Each structure stands twice: as structure tokens, then as C-alpha cells.
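In order, the protein sequence lines correspond to chains A and B.
Per the numbering used here, the very first residue in the first sequence carries number 1; after that it's consecutive.
Per the numbering used here, the very first residue in the second sequence carries number 1001; after that it's consecutive.
Ideal Cβ positions, reconstructed from N, Cα and C, are used throughout, including at glycine.
On a predicted model such as this, the values are computed, not experimentally measured, just so you know.
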Amino acid sequence: MPDRSTAREPHADEPSVGADRALARRPAEPLAARAAELVILHEPERMNLLGLLMRGLLAANLEEPALRARALGLRASIHVRAGDMHVTLRFAEDGVHISAGAEASNARVSGDMKALLGVVTGAGMIGPVLRGRVRIGGNPFLLLRVLPLIRARAHASLPPAKEPS
Amino acid sequence: MKAALAAIVGADNVLDAAPDLAPYREDYCEADPVDPSLVVLATKTEEVQAIVRLCAERQTPITPRVAGSNVGGLALPAPGGLVLDLTRMNRIVSVDEADMYAVIEPGVTQADLKRHLVEHDIPLTFGFSLAPPDTSVLANCLLGGLTNRSLKYGDQSQWVSGLEVVLSDGSLVRTGSWALSDSAFGLVPFPDVSGLFLGWQATTGITTRMAFQLWPRHPLNKRLFVLTYSAHGTFEAVRRLCRTELCDDIGGLSWPSAKMMMGVKHPYPEPASGEPTFFLYVDLTAGSEAEMSLKERTLEQTLADVRHLGERIEEPLDVATLLRVNPALGAFAEFPVELEFLTNHGGGGLTWIGTYGPLSRFEDGIAAGTEIMVRHGFPPLIVTRPMRGGHYGVLRFVAIFDKKDAAEIERVKKLNLELLEMVTAKGFVMYKTPPWAWEKLRGRIDPGLLALMERTKRMLDPLGIMNPGKLGY
Ligand SMILES: Cc1cc2nc3c(=O)[nH]c(=O)nc-3n(C[C@H](O)[C@H](O)[C@H](O)COP(=O)(O)OP(=O)(O)OC[C@H]3O[C@@H](n4cnc5c(N)ncnc54)[C@H](O)[C@@H]3O)c2cc1C
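Put into C-alpha cells, the structure is as follows:
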């Protein structure tokens, strides 16, 4: 388990093996800043790609008041696995903790990277599960509640789709 | 000198105040800063000629510079020398749509040329380096740099179809077909002397115009990301994809790059367990849906063939999907790009050992380079790309560092030295070779080549005023 006091430290520029208040911004953006601070990445320097992707998704979604309320209302852990990468998302009263590895969880979701990215970008869960590309375990209702929290939103800052070069 | 220069370009275009000179005394890399005596901004060829003549008269060293982003100290002046800033010499003189070439001045940046082609609805394009949008297209051609069209067409010096160069006595020479023709279609058929200026790091002349080849911009294009889990699997796939001749580009980035893009400044040097080791970004272009679909299927089949060898490779992901998941990954959505995690990370320092070498040896080079980087405490940030159909490729080991931290500067110097020794022993050749590396390599370079270079240099720059300190001169 992470050291909660370390997890409370503000994000420092220098490398740390503590926790990183993800994407912390300046007070000019209070909502975004608060949302980002609610995503607590454990050992950011050692975090795998999956955890970093989850951080981005959660931080963006928690800017939505309804989704933030939903996240803060949950008390559960979800184990997500993409290929051989594992992370555990723990929903607690102070925010969502992301740690690498498989910790005790109430629900599990796994699949290859492409299938999982399909789920978070809107392909839905049912089809990939039926096709066997995504596997779920534990409490399925919990997964349904969590899914909107890790779904990619249309980012306002996205450049329009253009040719790459 | 200042007054004489002012007479050529106007007093406003001669800088000598310390704050104005400051940006010219260093670049991204670990090279020691050097103070220029003066900076002069030119806007046309005649001015460059007059400035060079003046420098010759006064035996003042002269170093041309555009964005100074070469990451090797190549645009740093000799102590007390003059910097010739060419950013304002930024005309796109012409674009010949029918014969697919452009004539540009040194200050034309990647962003400028792209904008011009798009705004004028010209269905042509060129190659983009990963360098910031404000870097000079011409400088990268002179340096033989690499771009997202180098797999098809080779390093950028191979796209040059004519040069206009100011020699060290102020005289002007044109190379290539436009020495006779009004069309700068190529470097053939006269004896080609462009090589006297390509790869010479401004030690033989200052190029004031360049004709270079553009390529068709296809209506359809896709950038696909492929996650791989071993160096062997990665480069087996790359080599096979090259032989399909269907890809426009196959860029490869090692795992720390994605983490750094997503805001982890100093990823732990070892990958997390189960993580992909490389990300390939594969560019496909096509004139029709049918052609694109054939290319995609061939890509998928090639990856499947490598999987059958026991290698783990994920299915291709569209860049648009990745962008939706994390906009930070959009750095690779469109070129040119400012890779902020390299250029704007707080510490200010960026350095690398960038080499060209045989694709068959990439796994070997990557294993050795990774070991060296990790041992020195740097995440193994590696950039690769096959070039010219796969006959060779770029293998680049990249490190960021804090320019204010003397100990860290020493650490990157040691790192680079060890990497240089390793890559050279494995048959890779460092490109855009910085002065320190040239000194290390000199004793191993064919003496016949060194002697011929020496004679060439003496012929073209008898006074030794052209960008001294580079390539051992
Ligand atoms: C983040 C980053 C990514 C990069 N990625 C790539 C990449 O993918 N591929 C790549 O090839 N490079 C890359 N580079 C390196 C660099 O940007 C290129 O070398 C670029 O072409 C240099 O352009 P510049 O305008 O900065 O030239 P400068 O650094 O100003 O000059 C480069 C050299 O050219 C000489 N020179 C300039 N103008 C003239 C002239 N008119 N006549 C003769 N000599 C001249 C200078 O004296 C100097 O020796 C990257 C750099 C950065 C910072």
C-alpha cells in the first residue's frame, strides 16, 4: 500500500518514488486542478504505460461534476490488465489511486491493448466481451459504474484530424 | 567591423549587446557556450557575399545559423567570431509543381514550407524531421538529416537538386542543372560538386538558395502505432516491412518516449514489467481506398508473420484512437511538431548520439546502448527509422539533462563518449558529428579521405574563416 503521507506531498519537479498529483495545474483552472488532484499516481517514475493512460482518462473525466461525484462515491478496487501490464484503480474518499500491479480487487477487466482501447474510446464492453477479446471478472455492476470514468471524452484541445505530414 | 557590417545590412541588423548575443552563444547540447563578437542578420544573397568578403578581409571567422537546433554545437561560433543569422532570409523563391521541386532560402522553416504548400493548395509535400517547426529545411538538407520521408527517399541531402553557395572569397557558385538550365531538376549530368557543401557543416561555403525535390501528397494517409515487446521482434518487423515497399515511414521509439510524453520527466531507467519496449509508427499513404486497404492488409500480414516466429506484437492502433485516449500522444498526429518533452522540460539540455548504420545490427546496437544508458542512470530513449528502402537506418540515443547542473553535464559527456565508442565499434557512423566526436573518430577515419578533405578545405577556405572548429578545421 502506498504511504499516504507521501501520497499527500505536492508534485515535485525532481524524481520521486512517491505519488504524483496527476497533471496538477495552477489555481487559474480550479476545477481541472481539483479533478487532476483527485487522481493519485503511485510511483509515477515506475508506472507502466497503462497506468499513465488511465491517469489521463480519469483526470479528464473527473472534471465533469457528475463523474467526479460518482468516482468519489465508490469504495472499490478494479484490476485492469492490458497484455502483461497490470494496474489497480482504488476508489477512495480522497480520490482514485492508481498503482502498478494486481492488488486485491472487487472487479477485473483484461484484454489486449487494442481491445481495451476500443472499450475506452466507445466501442462498449458487451461486444468485445462476447467476442472474447475482453474478459471481465468480479462484480460486473461495479465495472458498469466505472466504465464512464475511464471512457475517452472528446477533448476540447484536440487538433482536428489532419494528414500527418 | 560593426560599422562596416552596418554599411552592408543597416545598423539595426548588427547586434553586439550582451543580451542580444546571448541566444547565439549556446544550443541545446552540452557544448561549452561561446560568445560571438557580433551577430549580423542578412536578408539577401548580395549581403551575404559582402559580409563574407568583409570577413575574409579582416580574417574574421563566420558561422551561419538559423534556429541553432542541431544539437551538436555546429552553429556555435569560433571564439570572437561572427554569427550570420539567416532567419530573415526566408523566401520561398518558387515551387515548381509540375517538376516537383522548390527553391528556398536558408531561413525557410519546416512550418513555413508546409504552410505555403497547404495555403497554395499544392498537392506536394516534403519530409518533416522531429525538430521544432522553426528549424531550417535547407540546413537539414545540408546536414543530411532524416525525416518522415527518408524511408522512401533517403537522407535529406539526397533530395537536393541544386545549390547556390557563397564561397569564402564572396564569389557565388551554382551546382546542379540550374548552372545551365532555368530548371533546377537535378544534380545531373555535369560533374556534381554539391558534395563540397553537403555534410561540411558550413566549413566550405554558405548556401543562399537551394533547390530540392518535393514529393506527391496523397489524398489518403494513415499513421498507425504498433506496440512491440522485443528489439528483435521490432526490427525483424521493420526489415520485413521495408521489403514490402509499401510504407512511407516506420519510426521507432523506445518505451520511455511515451512516458515522457505523458508527463513523466524522469522515467525509471528500467521498463515496468509487461510493458511494450518499442512503439513503431507506420505511415501509409494511398491514392484510393483500395490501395490503402491493400497496404493495411500487407502490414497486418507482415506483423502476423513475425508473430509466427514467436514474437509478441500488438495489432496496429490508429493514431486517432490514441489521441482520443490521451491528447499528449498527439505529438505524433501531425508534423512538424514541437516535442516539448525534449525541448521544454525545464532543464533545457538535450543531447544525443545519432548515427546511421546497417539495419541488420540494430538489435545489437540497441542492447549495448540500453545497457550503457541505464548504467549511467538515463532512461534508454531511443529513436530509430529505416532509411532509403531499408538499406540503412537511423539509431539515435537521446538524453535530456539540466544545463545548470555541472555534474549532470559531465554525466552526459561520459554517456555520449561511451555510446560513441560502442556505436562506432559496431559499424554505425555518427551524423551531424559534433567537434568533440570528430576528434575522437579522426584517428579511425580512412587517412585518404581525411587528406582529401584537408586539400578540399584549403582550396575552398584558404584563410580558415568558414565556421572554424567543425570537422577538425
Ligand atoms: C527536438 C529535436 C528533434 C530533432 N529531430 C531531428 C530529426 O528528426 N531529424 C533531423 O535530421 N534532425 C533533427 N533535429 C536536429 C536539428 O533540428 C536539425 O539539424 C536542423 O536541421 C537544424 O536546423 P537549424 O535551423 O536549427 O540549423 P542550425 O542549427 O542553425 O545550423 C545547423 C548547421 O548548418 C549550418 N548552416 C546553417 N545555415 C547554413 C547555410 N545557409 N549554409 C551553410 N551552412 C549553414 C550551421 O552553421 C550549422 O553548422 C532535431 C532537433 C531537435 C531539437
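Within chain B, the residues that residue i reaches when beta carbons sit closer than 8 Å
| i | result |
| --- | --- |
| E45/A | V1264, H1266, P1267, Y1268 |
Residue i: contacting residues in chain A (beta-carbon distance under 7 Å)
| i | result |
| --- | --- |
| T1321/B | L117, T121 |
| N1326/B | L53, G56 |
| A1067/B | In chain order: nothing, as chain A lies at least about 19 Å away. |
Delimiting residues of the beta strand (DSSP E) encompassing residue i
| i | result |
| --- | --- |
| K1222/B | 1220-1228 |
| A1006/B | Here A1006/B belongs to no beta strand (DSSP E); instead the alpha helix (DSSP H) covers 1002-1009. |
| A952/B | Residue 952/B lies beyond the stretch modelled for chain B, which goes from 1001 to 1473, so this question has no answer here. |
| G1162/B | 1160-1166 |
| L1172/B | 1172-1176 |
Residue i - containing alpha helix (DSSP H), residue span
| i | result |
| --- | --- |
| W1352/B | That residue, W1352/B, is in no alpha helix (DSSP H); its beta strand (DSSP E) goes 1348-1357. |
| P1019/B | 1018-1021 |
| V1306/B | 1289-1308 |
| F1362/B | 1362-1375 |
| F141/A | 140-146 |
| A107/A | Taken as a continuous stretch (DSSP letters only), A107/A belongs to no alpha helix (DSSP H), being part of the beta strand (DSSP E) at 107-111. |
| D1085/B | No alpha helix (DSSP H) contains D1085/B, which is instead part of the beta strand (DSSP E) from 1082-1085. |
| H1116/B | 1110-1119 |
| V1319/B | 1319-1325 |
| L1342/B | 1340-1343 |
Neighbouring residues, chain B, relative to residue i (Cβ below 7 Å)
| i | result |
| --- | --- |
| N61/A | Within chain B, no residue comes near N61/A; the closest Cβ sits about 12 Å away, beyond 7 Å. |
| A100/A | A1272 |
| L152/A | A small correction: the amino acid at residue 152/A is Ala; Leu does not occupy that position in the sequence shown. By Cβ distance, chain B contributes R1324, V1325. |
Chain A contact residues for residue i, given Cβ-Cβ distances below 8 Å
| i | result |
| --- | --- |
| G1154/B | Those within 8 Å of G1154/B in chain A number zero; the least Cβ separation is about 17 Å. |
| K1258/B | The amino acid at residue 1258/B is misidentified as Lys; the sequence shows Ala. What A1258/B touches in chain A: L49, L52. |
Where residue i sits in the DSSP three-state scheme
| i | result |
| --- | --- |
| G95/A | strand |
| F1126/B | coil |
| Y1153/B | helix |
| V1429/B | strand |
| M1466/B | strand |
| A28/A | Summary for A28/A: the model assigns pLDDT 46, below 50, so the residue's position carries little reliability; its value from the coordinates is reported in the next sentence. Coil. |
| R131/A | coil |
| Y1473/B | coil |
| G122/A | helix |
| G1393/B | strand |
| G1205/B | coil |
| M1422/B | helix |
| I1445/B | coil |
| A22/A | Because A22/A carries a pLDDT of 42, less than 50, the predicted location of this residue cannot be relied on, and no value is offered for it. |
| G1072/B | coil |
| M1100/B | coil |
| A1042/B | coil |
| D1012/B | helix |
| L116/A | helix |
| E1454/B | helix |
| P1133/B | coil |
| M1089/B | coil |
| G1195/B | helix |
Neighbour list for residue i in chain A, Cβ cutoff strictly below 9 Å
| i | result |
| --- | --- |
| L966/B | Residue 966/B lies beyond the residue range present for chain B, which begins at 1001 and ends at 1473; the question has no answer from this structure. |
Closer than 9 Å at the beta carbon, the chain B residues around residue i
| i | result |
| --- | --- |
| H86/A | S1273, G1274 |
| M113/A | L1227, P1276, E1314, E1315, L1317 |
| G83/A | L1227, Y1229, G1274, E1275, P1276, R1312, E1314 |
8 Å Cβ cutoff, residue i in contact with chain E
| i | result |
| --- | --- |
| L49/A | The structure shown contains no chain E; the protein chains it does contain are A and B. |
contact_flag[the segment 1223-1238 of chain B, the segment 1345-1358 of chain B] where n(CB pairs < 8 Å) is 3 or more
No, the segment 1223-1238 of chain B does not touch the segment 1345-1358 of chain B.
Three or more C-beta pairs closer than 8 Å, one from the segment 1356-1375 of chain B and one from the segment 1157-1168 of chain B: is that the case here?
no
Can you find at least 3 beta carbon pairs, one from the segment 1020-1038 of chain B and one from the segment 1001-1012 of chain B, that sit closer than 8 Å?
Verdict: yes, contact present.
Say whether the segment 1322-1335 of chain B touches the segment 1395-1407 of chain B, bearing in mind that this needs 3 or more beta-carbon pairs closer than 8 Å, one atom from each stretch.
no
Kindly confirm or deny that the segment 1108-1118 of chain B and the segment 1174-1192 of chain B touch, where touching means at least three C-beta pairs closer than 8 Å.
no
Flag this pair as touching only if the segment 1335-1344 of chain B and the segment 1126-1134 of chain B have three or more C-beta atom pairs under 8 Å; answer yes or no.
yes
Evaluate the contact criterion for the segment 35-47 of chain A versus the segment 55-68 of chain A: three or more CB pairs, one atom per stretch, below 8 Å.
yes
Output the residue ranges of the alpha helix (DSSP H) runs that lie fully inside the segment 1211-1277 of chain B and measure 4 residues or longer, sorted by chain position.
1231-1244, 1256-1261
Validate contact between the segment 1266-1277 of chain B and the segment 1203-1213 of chain B using beta carbons, cut 8 Å, 3 pairs:
With a cut-off of 8 Å, the segment 1203-1213 of chain B and the segment 1266-1277 of chain B do not count as touching, because too few Cβ pairs lie within range.
Any 3 or more C-beta pairs closer than 8 Å across the segment 1240-1255 of chain B and the segment 1288-1300 of chain B:
Segments in contact, yes.
Cβ contact (3+ pairs, closer than 8 Å) linking the segment 1381-1390 of chain B and the segment 1420-1438 of chain B:
Under the Cβ criterion (8 Å, minimum of three pairs), the segment 1381-1390 of chain B does not count as touching the segment 1420-1438 of chain B.
So does the segment 1410-1421 of chain B actually touch the segment 1271-1290 of chain B, counting three or more Cβ pairs closer than 8 Å?
no
Given 8 Å, three or more beta-carbon pairs between the segment 1447-1462 of chain B and the segment 1373-1380 of chain B:
no
Within 8 Å, do at least three Cβ pairs link the segment 1055-1070 of chain B to the segment 1132-1148 of chain B?
yes
Count the CB pairs spanning the segment 1464-1471 of chain B and the segment 1191-1201 of chain B that are closer than 8 Å, and state whether there are at least three.
yes
For the structure I just gave you, are there three or more beta carbon pairs, one from the segment 94-101 of chain A and one from the segment 125-134 of chain A, closer than 8 Å?
no
Return the chain-ordered ranges of every beta strand (DSSP E) run that is complete within the segment 38-108 of chain A and spans a minimum of 3 residues.
Segments of the beta strand (DSSP E) lying fully in the segment 38-108 of chain A: 39-42, 76-82, 85-92, 95-100.
Would you check if there are 3 or more beta carbon pairs closer than 8 Å linking the segment 1042-1057 of chain B to the segment 1007-1023 of chain B?
yes
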